[in-house]
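So my numbering is basically just the index in the sequence shown, starting at one, shifted up by 148. Take a look at the structure below.
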Amino acid sequence: MRNYSIRTAGPADLDRARAVMLDTVYRDFGTGYVPRWHGDIIDPAAAYLASPRHTLLVALDPDTEDVVATAALDSRGPAHPPNPRHLAERYPSGETAQLRRVYVRPEHRRRGLARRMVAELLDFAAADGGYRSVYLHTDPSVQGAEAFWRSLGKVVHDEREDPGGGNSVVHFEIPMGR
Numbered sequence: 149m150r151n152y153s154i155r156t157a158g159p160a161d162l163d164r165a166r167a168v169m170l171d172t173v174y175r176d177f178g179t180g181y182v183p184r185w186h187g188d189i190i191d192p193a194a195a196y197l198a199s200p201r202h203t204l205l206v207a208l209d210p211d212t213e214d215v216v217a218t219a220a221l222d223s224r225g226p227a228h229p230p231n232p233r234h235l236a237e238r239y240p241s242g243e244t245a246q247l248r249r250v251y252v253r254p255e256h257r258r259r260g261l262a263r264r265m266v267a268e269l270l271d272f273a274a275a276d277g278g279y280r281s282v283y284l285h286t287d288p289s290v291q292g293a294e295a296f297w298r299s300l301g302k303v304v305h306d307e308r309e310d311p312g313g314g315n316s317v318v319h320f321e322i323p324m325g326r
């Protein structure tokens with residue numbers, strides 16, 4: 149296991165973090181950049197560095213200092229649409245810490261990076277004092293994503309069970325206290 153360093157992203161990290169995020173939406177999701185879904189990727193400074201209630205973490209390869217993983221948190225709950233109305237009501241903006249962009253480059257996966265980064269995000273949410281829940285959604289077609297999130301939290305809605313399959317997204321709540 150390599151000794152990756154995890155830190156809060158600063159302005160000098162944003163281009164490299166953006167590259168990890170864009171590579172992920174193109175390679176793993178197959179959607180490419182979609183402005184209505186991925187605006188935070190293009191402007192991570194506004195999305196994650198401007199508010200003290202938001203954060204973006206990066207993991208650095210100890211040999212190259214390359215950014216090899218990202219993980220973010222913000223205070224925006226799930227929007228309706230595209231998410232089901234009951235989730236938007238259950239997880240309102242301002243009271244909900246939403247985990248976003250937990251992405252690890254393929255050659256660095258299965259080394260505990262995502263788990264370590266999520267733990268730091270949960271500590272950040274707890275320290276804020278204003279969040280009452282932690283929410284996220286995932287695309288279960290991404291290899292390992294659903295199993296990873298099931299190991300950390302509970303499913304609150306699986307759109308694959310909706311009539312017509314919804315957007316095939318699985319929604320989770322992650323306990324803040326560990």
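Glycine included, every Cβ here is placed at the ideal spot set by N, Cα and C. For clarity, every value in this text was computed on a predicted model and none was experimentally measured.
Check	Outcome
Opening and closing residue of the alpha helix (DSSP H) in which Y174 lies	162-175
Straight-line Cα distance separating H202 from A195	8 Å
Assigned exposure category for H159 - 16 Cβ within 10 Å defines buried	According to the sequence provided, residue 159 is Pro. The question's His does not apply to it. Its Cβ having fewer than 16 others within 10 Å, P159 is exposed.
Enclosing alpha helix (DSSP H) for E268 [first to last residue]	261-276
Extent of the continuous alpha helix (DSSP H) to which H234 belongs	233-238
One or two residues paired with F320 in a DSSP bridge	L284, V303
Every unbroken beta strand (DSSP E) inside the region 178-257 [3 residues or more]	203-208, 215-222, 244-252
Helix, strand or coil at R150 according to DSSP, with G and I counted as helix	coil
Distance, G187 Cα to G225 Cα	15 Å
Rounded straight-line distance, which links the Cα of I154 to that of P311	41 Å
Rounded straight-line distance, which links the Cα of L261 to that of M324	18 Å
Contact belief for M265 with A217 at Cβ below 8 Å, rounded distance in angstroms	6 Å
Cβ-Cβ distance between A157 and V206 below 8 Å	yes
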